[in-house]
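Quick note on numbering: numbering that gives the first Met the number 0 labels position 69 of the sequence shown as 68, and the sequence is numbered without any gaps. From the three backbone atoms N, C-alpha and C, an ideal C-beta is built for every residue, glycine too. No experiment lies behind these values; they were computed from the predicted model shown. The block underneath contains the structure these notes are about, expressed in structure tokens.
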Amino acid sequence: MLSLAAQFIVGLLYANVGEWLMHKYVLHGLGQNRHSFWAYHCYEHHAVCAKHAMLDPGYQSLRLTTWNAQTKELAVLAGIALLHVPLFMLCPLFTGALYASLLLYYYKHRKAHLDPAWAKRHLRWHYDHHLGGNPAANWCITWPWFDYLMGTRIKSKALE
């Protein structure tokens with residue numbers, strides 16, 4: 000069994016790998032199909048961000064009664080959290096790190112799309128994903144660790 004510190008570190012890495020995989024293969028892969036549930040990412044979120052230079056007005060209010068990109072994202076995050084509940088008794092710090100990462104992901108992603116200037120300073124890799132001219136790169140949101148590892152962290156020269 001892993002030590003508590005190792006569980007926490009592995010949980011953070013697991014969350015970052017999951018974020019990268021989900022963004023690349025589910026949101027952009029399956030999301031290319033307009034009839035897919037995941038299409039909201041490409042055809043709602045990315046389209047709005049392109050039109051408004053990173054700003055996504057759908058994040059301005061949190062109305063859980065509205066089915067938009069933000070509430071779909073929250074539903075996906077809740078689903079991920081629920082899938083990992085059984086692990087909590089076995090690996091509490093691993094699961095805790097995952098849950099903390101999910102919360103941090105939502106906070107950073109929402110803030111980035113409400114305050115593009117903040118995103119450009121603090122989440123440059125995500126800013127580059129939306130506005131850097133290469134939406135097939137920079138898959139991480141919370142931290143760019145796995146993008147660096149996989150060679151998908153592409154810095155946009157045009158946005159400097």
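Residue from the options with nearest C-alpha to residue i
i	options	result
S155	V16, Y126, D146	Y126
C48	A68, F36, L1, Y105	A68
I8	Y98, R120, I153, P115	Y98
L73	Q6, G28, Y105, I140	Y105
Test item: CB-CB of residue i and residue j under 8 Å
i	j	result
A118	L101	no
Y39	L113	no
L122	A111	yes
Reduced DSSP secondary structure (H/G/I, E/B, other) of residue i
i	result
C48	helix
R152	coil
D127	helix
Length of the line joining the Cα atoms of residue i and residue j
i	j	result
V15	L130	The displayed chain sequence assigns Asn, not Val, to residue 15. Roughly 22 Å separates the two Cα atoms.
G3	R33	Before going further, note that residue 3 is Leu rather than Gly in the sequence given. Rounded to the nearest angstrom, the two C-alpha atoms are 43 Å apart.
W138	M88	31 Å
A136	K107	18 Å
L148	T70	30 Å
G21	T141	The sequence given here has Met at residue 21, not Gly. Near 13 Å, if we compare the C-alpha coordinates of T141 and M21.
H45	N133	12 Å
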